[in-house]
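Chemist: Take a look at the following structure, please.
Numbering (this note's numbering), first residue to last: 2 to 119.
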């Protein structure tokens with residue numbers, strides 16, 4: 002019989018009641034500070050390729066053949082005048098290469114102030 006009463010007591014639904022809670026404060030405030038640091042590493046790698054270049058320019062100058070020819074000779078047209086000659090020769094391939102690493106550090110501080118009252 003005792004076991005039956007105990008079993009019924011355990012299986013019977015119980016009622017939950019909430020008690021009223023009254024805070025023990027009337028006003029208050031809270032201050033919060035969050036500090037964070039972020040580090041960013043930026044890596045830039047760039048390669049520029051170009052074709053072969055054989056050019057010439059000048060004033061008061063003539064070329065004996067196309068500049069691509071190995072035996073090309075340049076002559077001054079008029080010996081009594083000023084002359085200028087500029088040649089550019091570049092093989093095909095890599096002409097420029099960049100390898101840049103930049104580090105950024107970002108520091109931030111957030112202050113928060115809350116006021117509350119009842």
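Glycine is no exception: its CB is placed at the ideal position from the N, C-alpha and C atoms. Every value quoted in this text rests on a predicted model; they were computed, and no experiment measured them.
On the DSSP bridge list, what partners appear for residue 64?
Modeler: In the DSSP output, where bridge partners are listed per residue, residue 64 has 75.
Chemist: Provide the residue span of the beta strand (DSSP E) that contains residue 91, from first to last.
Modeler: Run containing residue 91: 85-91, per the beta strand (DSSP E) assignment.
Chemist: Taking only three categories from DSSP, how would you classify residue 4?
Modeler: helix
Chemist: Quick check on DSSP: helix, strand or coil for residue 27?
Modeler: coil
Chemist: Would you say residue 40 and residue 104 are within 8 Å of each other, going by their C-beta atoms?
Modeler: yes
Chemist: Count Cβ pairs between the stretch 107-118 and the stretch 50-68 that sit closer than 8 Å; are there 3 or more?
Modeler: no
Chemist: Going along the chain, which residues of its own chain have a beta-carbon closer than 7 Å to the beta-carbon of residue 49, five neighbours each way excluded?
Modeler: 96 and 97
Chemist: Pick helix, strand or coil for residue 112, following the three-state DSSP scheme.
Modeler: It is a strand residue.
Chemist: Are the beta-carbon atoms of residue 61 and residue 82 separated by less than 8 Å?
Modeler: yes
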